[in-house]
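Start counting the sequence shown at 1; every next residue gets the next number (the numbering used here). Where is the CB? At the ideal position from N, CA and C, for every residue including glycine. Here is the structure we will look at.
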Amino acid sequence: MGWNSWNYFAGRVTDKDIRDSADQIVASGMRDAGYLYVNIDDTWEGERDANGVLHSNEKFPDMKALADYVHSKGLKIGIYSSPGPKTCAGFEGSLGHEEQDAQLYASWGIDYLKYDLCSFHTVMQAKAPDDKAAQMRLMIAAYDKMGKALKTTGRPIVYSFCQYGWDSVWEWAPSVGGNLWRTTGDVSANWDRIYDLLSQQAGLEGYAGPGHWNDPDMLEVGNGRLSLAENRSHFSMWAMLAAPLLAGNDLPHMTPEIKAILTNREVIAIDQDRLGKQGSRVYSDGEVEVWMRPLAGGALAVAVFNVGSDRLSTHPFHLSLTKLGLDGPLTGKNLWTGDKVTLTNHQPIELASHDILLVRVASPR
Ligand code: GLA
């Protein structure tokens with residue numbers, strides 16, 4: 001869990017933005033709710049000197065001092081690079097300097113690396129034209145190389161793969177040191193895209209587990225024109241997916257409603273549940289999806305989600321516990337209202353468009 005600069009600041013991010021965001025993570029209570037990593041995304045990179053040592057650019061005058069500042073707040077700090085010659089925003093990548101860069105990050109006190117394929121794709125195509133299998137091997141080798149370089153530093157550094165979910169990354173990422181891997185292209189702060197990413201997660205639940213996670217991309221909670229229901233559903237579903245929770249909003253101007261969503265500890269507890277099992281879509285009926293996630297101690301999270309554009313009052317949806325393999329009645333807690341709820345078979349449930357009912361059931365059996 002943490003925060004990343006890209007979704008709100010993109011290429012404008014500066015040292016001051018990172019410091020201010022770290023301050024806000026503490027002041028807002030987000031740190032105490034579990035948000036630990038403050039991650040600088042693309043556009044911090046400067047030029048290499050004659051010895052190949054990479055320097056940060058003028059927006060980031062002193063990376064070591066910045067890392068010390070973030071650490072002084074009880075937080076950790078992340079950085080970004082690419083296995084290619086250039087990052088996605090056209091800044092210096094790590095190709096040919098992997099060990100040197102890993103050592104540099106460790107000397108600054110970096111705790112997390114997001115490694116973004118970007119221009120390495122062109123390298124793959126040039127080295128193995130028309131041979132997709134050979135291209136894939138080159139990509140895996142590039143991620144492996146940086147993984148080994150990070151290990152050699154002796155500093156624990158979380159290793160985040162960003163190659164948009166190509167070549168079934170979930171099958172090979174853990175074997176080359178990946179702690180999390182993007183499963184899709186980029187998120188954006190609009191409902192259709194968020195739902196599109198969510199839909200691509202069904203079926204990947206078997207690949208996630210403690211220390212190695214599917215990453216459906218960072219949170220857009222608080223960004224763009226998402227309604228409160230959409231923000232709630234986005235956050236709830238990322239928790240159902242055991243996804244990395246990396247907020248990406250404008251922290252100094254966060255509204256109380258958005259803060260309440262991002263710091264809902266009971267929803268965070270679903271995400272962080274120690275069993276580490278990703279939830280799955282058990283069934284859908286019309287425009288309503290029902291997802292379930294097993295939790296430690298025999299507990300369960302059940303999400304009933306209206307993905308359609310209409311309210312359901314005219315044709316209420318009826319929950320089928322049978323399809324979930326459960327017997328009712330089940331008592332639980334509605335994690336957005338705090339109310340006690342009882343789920344029964346064939347129970348009518350009314351939800352506004354894009355809204356969600358997220359229930360924690362203590363132990364159904
Ligand atoms: C890619 C990644 C994004 C972000 C940008 C930065 O698009 O998928 O998450 O890191 O690059 O340039």
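Item                                                                                                                                                             : Value
Compute every distance between the C-beta of M218 and the non-hydrogen atoms of the ligand GLA, then say whether any falls below 8 Å.                            : yes
In or out: N249 buried (at least 16 other Cβ within 10 Å) or exposed?                                                                                            : buried
Leaving out the 5 sequence neighbours to the left and right, which residues in its chain are closer than 7 Å to M254 when beta-carbon positions are compared?    : S28 and G222
Any heavy atom of the ligand GLA closer than 8 Å to the beta-carbon of G2?                                                                                       : no
Is the beta carbon of Y80 closer than 9 Å to that of D42?                                                                                                        : yes
Would L251 pass as a contact of S107 if the rule is Cβ separation under 9 Å?                                                                                     : no
May I have the straight-line CA-CA distance separating T344 from P329, to the nearest angstrom?                                                                  : 5 Å
What separation, rounded to the nearest whole angstrom, lies between the Cα atoms of K59 and F91?                                                                : 13 Å
According to DSSP, what are the bridge partners of L180?                                                                                                         : S160 and W213
Do D355 and S233 have their C-beta atoms within less than 9 Å of each other?                                                                                     : yes
What would DSSP say about P174, mapped onto helix, strand or coil?                                                                                               : helix
Touching or not, the stretch 277–293 and the stretch 257–267, by the rule of three or more beta carbon pairs under 8 Å?                                          : no
Among all the DSSP beta bridges, which residues are the ones paired with Y80?                                                                                    : K114
Could you pull the start and end residues of the alpha helix (DSSP H) that K59 belongs to?                                                                       : Element bounds for K59: n/a, residue is neither H nor E.
Taking V70 as the reference, give the member of L219, R31 and A243 with the closest Cα.                                                                          : R31
By DSSP, does M240 sit in helix, in strand, or in coil?                                                                                                          : helix
Measuring straight from C-alpha to C-alpha, what distance separates Y195 and N214?                                                                               : 16 Å
Within a Cβ cutoff of 7 Å, which residues of the same chain sit near W172, ignoring the five residues on either side of it in sequence?                          : I140
For H318, report the span of its beta strand (DSSP E) as first-last.                                                                                             : F317 to L319
May I ask you to check if the CB of Y115 is nearer than 8 Å to at least one heavy atom of the ligand GLA?                                                        : no
How many Å lie between L321 and L358 at the Cα?                                                                                                                  : 15 Å
D186: beta carbon under 8 Å from a heavy atom of the ligand GLA?                                                                                                 : yes
Cβ atoms of Q278 and M237: under 9 Å apart, would you say?                                                                                                       : no
Using the DSSP secondary-structure output, state which residues sit across from L246 in a beta bridge.                                                           : G2
Tell me where the alpha helix (DSSP H) around R293 begins and ends.                                                                                              : Not the alpha helix (DSSP H): R293 falls in the beta strand (DSSP E), residues V288 to P294.
Relative to the ligand GLA, is the shortest distance from any of its heavy atoms to the C-beta of Y159 smaller than 8 Å?                                         : no
Thinking C-alpha only, which one of Y37, R274 and D130 is nearest G211?                                                                                          : R274
Cβ atoms of N179 and S199: under 9 Å apart, would you say?                                                                                                       : no
Report all residues from its chain with a CB closer than 8 Å to the CB of N306; omit the five preceding and five following residues, and keep chain order.       : E287, V288, L312, F317, L351, A352, S353, H354, D355 and I356
Thinking C-alpha only, which one of T122, A149, G147 and K148 is nearest M136?                                                                                   : T122
In chain order, what residues of the same chain have a beta carbon less than 6 Å from the beta carbon of N57, not counting five sequence neighbours either side? : G46
Return helix, strand or coil for I356, following the three-state DSSP convention.                                                                                : strand
Does the ligand GLA have even one heavy atom less than 8 Å from the beta-carbon of W6?                                                                           : yes
Just checking D41 against the ligand GLA - is the residue's beta carbon closer than 8 Å to any of the ligand's heavy atoms?                                      : yes
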